[in-house]
Amino acid sequence: AMDTKTVQAMDSAHYIHSFTDHADLATRGARVMTHADGIYVWDSEGKKILDGMSGLWCVNAGYGRKEIADAAYQQMMTLPYYNSFFQTTNIPAAKLAAKLASLAPSVGDRSFNHVFYSSSGSESNDTNVRMVRRYWDLLGQPQRKTIIGRINGYHGSTMAGASLGGMSGMHAQGDLPIPNITHIEQPYFFENGLPGESEADFGIRAAGWLETKILELGADKVAAFIGEPVQGAGGVIIPPSTYWPEIQRIVDKYGILLISDEVICAFGRLGHWFAYEKFGYKPDLVTFAKGVTSGYVPLGGVMVGNRVADVLIEKGGEFNHGYTYSGHPVACAVALANLELMERENLVGRVKDDIGPYLAKRFAELNNHPLVGLAETCGFAAGLVLVKDKATGECFDSSLGVGMICRGHCFGNGLIMRAVGDRMIIAPPLIMTHAQIDEMMALILRCLDLTAADLKQ
Ligand code: PLP
Numbered sequence: 021a022m023d024t025k026t027v028q029a030m031d032s033a034h035y036i037h038s039f040t041d042h043a044d045l046a047t048r049g050a051r052v053m054t055h056a057d058g059i060y061v062w063d064s065e066g067k068k069i070l071d072g073m074s075g076l077w078c079v080n081a082g083y084g085r086k087e088i089a090d091a092a093y094q095q096m097m098t099l100p101y102y103n104s105f106f107q108t109t110n111i112p113a114a115k116l117a118a119k120l121a122s123l124a125p126s127v128g129d130r131s132f133n134h135v136f137y138s139s140s141g142s143e144s145n146d147t148n149v150r151m152v153r154r155y156w157d158l159l160g161q162p163q164r165k166t167i168i169g170r171i172n173g174y175h176g177s178t179m180a181g182a183s184l185g186g187m188s189g190m191h192a193q194g195d196l197p198i199p200n201i202t203h204i205e206q207p208y209f210f211e212n213g214l215p216g217e218s219e220a221d222f223g224i225r226a227a228g229w230l231e232t233k234i235l236e237l238g239a240d241k242v243a244a245f246i247g248e249p250v251q252g253a254g255g256v257i258i259p260p261s262t263y264w265p266e267i268q269r270i271v272d273k274y275g276i277l278l279i280s281d282e283v284i285c286a287f288g289r290l291g292h293w294f295a296y297e298k299f300g301y302k303p304d305l306v307t308f309a310k311g312v313t314s315g316y317v318p319l320g321g322v323m324v325g326n327r328v329a330d331v332l333i334e335k336g337g338e339f340n341h342g343y344t345y346s347g348h349p350v351a352c353a354v355a356l357a358n359l360e361l362m363e364r365e366n367l368v369g370r371v372k373d374d375i376g377p378y379l380a381k382r383f384a385e386l387n388n389h390p391l392v393g394l395a396e397t398c399g400f401a402a403g404l405v406l407v408k409d410k411a412t413g414e415c416f417d418s419s420l421g422v423g424m425i426c427r428g429h430c431f432g433n434g435l436i437m438r439a440v441g442d443r444m445i446i447a448p449p450l451i452m453t454h455a456q457i458d459e460m461m462a463l464i465l466r467c468l469d470l471t472a473a474d475l476k477q
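First residue of the sequence shown? That's 21 in UniProt numbering, and the numbers climb one at a time after it.
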């Protein structure tokens with residue numbers, strides 16, 4: 021064991037963190053996390069913290085699951101690595117592909133019998149870009165290159181991932197987006213709904229922005245539309261129920277591919293194995309990562325629907341694409357153990373019928389708090405907006421950093437809750453009991469009160 025100050029000094033001297041202002045970090049020192057169990061993590065000062073974010077939306081099965089660790093150990097001792105290039109495979113990769121195909125529901129004429137593996141969500145979305153372009157090339161329509169994403173969407177940090185995403189701060193660094201990627205506005209009713217407009221009408225109008233963009237570009241230039249079922253990193257933005265069916269109508273009308281980025285939303289987060297089922301649309305490609313292994317080891321991939329797979333496999337010849345760790349046997353063995361555990365404990369069903377509705381009921385109570393403009397949940401993800409004036413929904417001046425003040429109180433009181441501007445979000449492990457949800461809600465309320473008190477001073 022090392023004392024906190026030694027780790028912080030070493031960290032600060034040598035480690036470039038993701039999404040971190042290092043000048044700021046150097047003055048505070050990084051929080052050193054040392055161990056975890058269930059829904060809690062502990063830092064090097066012995067502080068116990070309720071992890072309301074499941075790490076980065078990934079530890080769906082909770083921490084400390086021995087059967088997942090055992091699966092990694094067994095596989096490492098049997099076959100720790102082999103590649104899947106040049107016509108080789110391994111048993112866990114083949115078994116997991118079949119398992120994922122069995123979990124992905126068929127919708128209408130779409131079925132999912134194939135998987136392409138990567139090690140992350142970002143790599144999977146880069147794969148999507150290459151696969152979509154390959155698909156249209158093979159169909160003799162190489163001019164169909166443009167992929168449409170959404171402002172405030174998040175699809176990863178690689179050149180293509182950050183380009184597909186619509187985070188202006190990311191585009192500003194590295195000359196993004198790369199060519200042939202463009203964006204439409206997000207379906208965020210709280211911010212973009214018009215006075216007097218119903219949420220249902222807004223959903224149709226927001227989906228219509230896709231049709232406008234397709235017509236502006238020329239339908240024969242558009243390859244695909246990509247979206248998260250519920251935007252995660254953007255702030256748990258839950259679209260109106262009318263949104264996705266209308267998106268489906270539009271992509272069908274113009275024959276363009278639909279990519280559902282379910283890196284956060286799959287594997288139970290929204291109460292389904294795959295979230296397109298919840299919203300009733302038919303994607304051609306589904307990005308996954310995170311929850312497939314509950315984050316215990318890196319694994320991502322793309323579920324390739326029959327529309328694309330039939331062309332790629334039957335007409336395609338060799339697809340010149342792949343990663344050293346595609347189909348990594350240890351990652352796939354861990355995923356199989358994680359999915360088995362999730363099935364045995366009915367974690368997906370609990371979100372749909374038990375803890376999801378309970379969280380929704382408890383979260384709705386937050387709408388009575390003077391600082392909360394809107395509190396809403398979808399499955400086991402939730403967001404609330406901190407507002408200056410509850411009656412009008414007027415927001416705080418962003419320079420006040422109210423979300424960050426609230427986040428600070430949460431951490432001080434033993435809760436990890438994320439701030440996206442002034443939208444506070446949570447996505448806890450799917451193993452929570454009702455009593456633990458009550459414990460979390462008490463912490464949230466206390467932190468809202470402390471934030472309100474700070475603002476009065
Ligand atoms: N897509 C979505 C929807 C995500 O939320 C994320 C990460 O949060 C990614 C892609 C990128 O995944 P990774 O960080 O594993 O590259």
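All residues carry an ideal CB built from backbone N, CA and C; glycine is no exception.
Being a predicted model, the structure only gives us computed values, none of them experimental.
{"Check": "Check VAL317 in the structure and name its three-state DSSP category.", "Outcome": "coil"}
{"Check": "Extract the residue ranges of the beta strand (DSSP E) inside the stretch 35-76, only unbroken runs of 3 or more that lie entirely within it.", "Outcome": "53-57, 60-63 and 68-71"}
{"Check": "Can you tell me which residues form a DSSP beta bridge with HIS292?", "Outcome": "DSSP lists no partner for HIS292."}
{"Check": "Residues in its own chain within less than 7 Å of ALA243 by CB, not counting five upstream and five downstream?", "Outcome": "VAL152, ARG153, TRP156, ARG164, LYS165, THR166, ILE167, ILE276 and LEU277"}
{"Check": "Out of ASP41, GLN28 and ILE246, state which residue places its alpha-carbon closest to the alpha-carbon of VAL54.", "Outcome": "Correcting the residue identity first, residue 54 is Thr in this sequence and not Val. It is GLN28."}
{"Check": "Cα separation between GLY128 and ALA121?", "Outcome": "16 Å"}
{"Check": "Quick check on CYS78: does DSSP put it in helix, strand or coil?", "Outcome": "coil"}
{"Check": "Which residues does DSSP list as the beta-bridge partners of THR24?", "Outcome": "Note: THR24 sits in no beta bridge, so no partner."}
{"Check": "What residues does the ligand PLP have around it, judged by CB closer than 7 Å to any heavy atom, in chain order?", "Outcome": "LEU76, TRP77, SER140, GLY141, SER142, GLU143, ASN145, TYR174, HIS175, GLY176, SER177, GLY181, GLU248, GLY252, ALA253, ASP281, VAL283, ILE284, THR307, ALA309, LYS310 and GLY320"}
{"Check": "Near TYR137, what residues of its chain come up, given a Cβ to Cβ distance below 6 Å and the 5 sequence neighbours on each side ignored?", "Outcome": "GLY321, SER346 and GLY347"}
{"Check": "Taking its Cβ as the centre, do 16 or more other Cβ atoms sit within 10 Å of HIS429, making it buried, or is it exposed?", "Outcome": "buried"}
{"Check": "Got a sec, what are the start and stop residues for the beta strand (DSSP E) SER138 sits in?", "Outcome": "132-138"}
{"Check": "Is the beta carbon of ARG382 closer than 7 Å to that of ILE457?", "Outcome": "yes"}
{"Check": "Please tell me whether VAL256 and ALA56 are closer than 7 Å, where the distance is taken between their beta carbons.", "Outcome": "no"}
{"Check": "Whole alpha helix (DSSP H) runs in the stretch 377-463 with 4 or more residues, listed along the chain?", "Outcome": "422-432"}
{"Check": "For GLY66, which option in MET73, TRP77, VAL52 and SER74 has the closest C-alpha, if you only look at C-alpha atoms?", "Outcome": "VAL52"}
{"Check": "Does the contact criterion of 3 or more C-beta pairs under 8 Å hold for the stretch 278-296 versus the stretch 395-412?", "Outcome": "yes"}
{"Check": "Return helix, strand or coil for MET323, following the three-state DSSP convention.", "Outcome": "strand"}
{"Check": "Identify every run of the alpha helix (DSSP H) within the stretch 195-221, keeping only runs that are complete inside it and at least 4 residues long; order them along the chain.", "Outcome": "209-212"}
{"Check": "Just tell me which of ASP409, VAL405, LEU99 and GLY434 has its CA closest to the CA of GLY254.", "Outcome": "VAL405"}
{"Check": "Using DSSP's beta-bridge definition, name the partner residues of PHE339.", "Outcome": "Answer is none; PHE339 lacks a bridge partner."}
{"Check": "As a quick exercise: from ALA380, GLU363, VAL407 and ASN358, pick the residue whose alpha carbon is nearest that of GLU87.", "Outcome": "ASN358"}
{"Check": "Tell me which same chain residues have a C-beta within less than 8 Å of the C-beta of LEU465, skipping the five on either side of it?", "Outcome": "LEU386 and HIS389"}
{"Check": "Tell me which same chain residues have a C-beta within less than 8 Å of the C-beta of ASN172, skipping the five on either side of it?", "Outcome": "GLY186, MET187, GLN206, TYR208, GLN251, GLY254, GLY255 and ILE257"}
{"Check": "From the DSSP output, which residues share a beta bridge with ILE279?", "Outcome": "ILE246 and LEU305"}
{"Check": "Going along the chain, which residues of its own chain have a beta-carbon closer than 8 Å to the beta-carbon of ARG130, five neighbours each way excluded?", "Outcome": "LYS302, PRO303, ASP304, GLY325, ASN326 and ARG327"}
{"Check": "What did DSSP end up calling ILE257 once you bin it into helix, strand or coil?", "Outcome": "strand"}
{"Check": "Applying the criterion that 16 or more other CB atoms from any shown protein chain within 10 Å of the CB defines a buried residue, is GLU266 buried or exposed?", "Outcome": "buried"}
{"Check": "Would you say ALA124 and PHE294 are within 7 Å of each other, going by their C-beta atoms?", "Outcome": "yes"}
{"Check": "Between the C-alpha atoms of ASN145 and THR307, what's the straight-line distance to the nearest angstrom?", "Outcome": "7 Å"}
{"Check": "Considering only residues of the same chain and omitting the five flanking positions on each side of TYR102, which have a CB-CB separation below 7 Å?", "Outcome": "THR108, ASN110 and PRO349"}
{"Check": "What's the gap between the Cα of LEU468 and the Cα of PRO112?", "Outcome": "46 Å"}
{"Check": "Looking at the unbroken beta strand (DSSP E) that takes in ARG170, where does it start and where does it end?", "Outcome": "166-170"}
{"Check": "Just to confirm the assignment, what range does the alpha helix (DSSP H) spanning VAL368 have?", "Outcome": "367-373"}
{"Check": "What is the DSSP secondary structure of GLN251, counted as helix, strand or coil?", "Outcome": "strand"}
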